[in-house]
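In my numbering, the protein residues as written are 114 to 250.
What follows is the structure in structure tokens.
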């Protein structure tokens, strides 16, 4: 009777060990997936920044102060020929705003990536320890 109790206890230990390993593997997979997703988002944001830089360089450079000098007393009476340039200035400002947002998003994603990567070695270490514990049984 005592032997069967010991066998049952051993079986329970093995089962709980297997469950712990299973949980560990799923956590590790989750973190690995999260890291990959964060890396993909970061790459996308970086590529978008490169595109924005190129777009910004292609927009003709003319600032509002220069426009107001050319048009006389300010922007409302500007010559029709300058209208596309004003639109370009607006385009530049929109692109700059989008670029700033992307830079902030990029920083946030880098932090997320760092956090996700921090967890992986810890989980792998736990996994190794659990595997070693399993071999000792």
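Glycine included, every Cβ here is placed at the ideal spot set by N, Cα and C.
Just so you know, these numbers come straight off a predicted model, no measurement behind them.
Backbone CA spacing between residue i and residue j [nearest angstrom]
{"i": "residue 116", "j": "residue 153", "result": "55 Å"}
{"i": "residue 170", "j": "residue 217", "result": "21 Å"}
{"i": "residue 141", "j": "residue 206", "result": "43 Å"}
{"i": "residue 158", "j": "residue 165", "result": "10 Å"}
{"i": "residue 131", "j": "residue 228", "result": "27 Å"}
Closest residue to residue i among the options (Cα-Cα distance)
{"i": "residue 241", "options": "128, 133, 158", "result": "133"}
{"i": "residue 168", "options": "221, 208, 160, 127", "result": "208"}
{"i": "residue 163", "options": "234, 212, 221, 243", "result": "212"}
{"i": "residue 160", "options": "126, 219, 119", "result": "219"}
Residue-chain proximity (residue i, chain D), Cβ-Cβ < 8 Å
{"i": "residue 207", "result": "Given the protein chain composition of this structure (a single chain), no chain D is represented."}
Cβ-based neighbour list, residue i, same chain, cut-off 8 Å, excluding 5 preceding and 5 following
{"i": "residue 226", "result": "148, 151, 152, 155"}
{"i": "residue 145", "result": "233"}
Sub-8 Å separation of residue i and residue j beta-carbons
{"i": "residue 137", "j": "residue 243", "result": "yes"}
Contact set for residue i: own chain, Cβ-Cβ below 7 Å, skip 5 residues either direction
{"i": "residue 230", "result": "148"}
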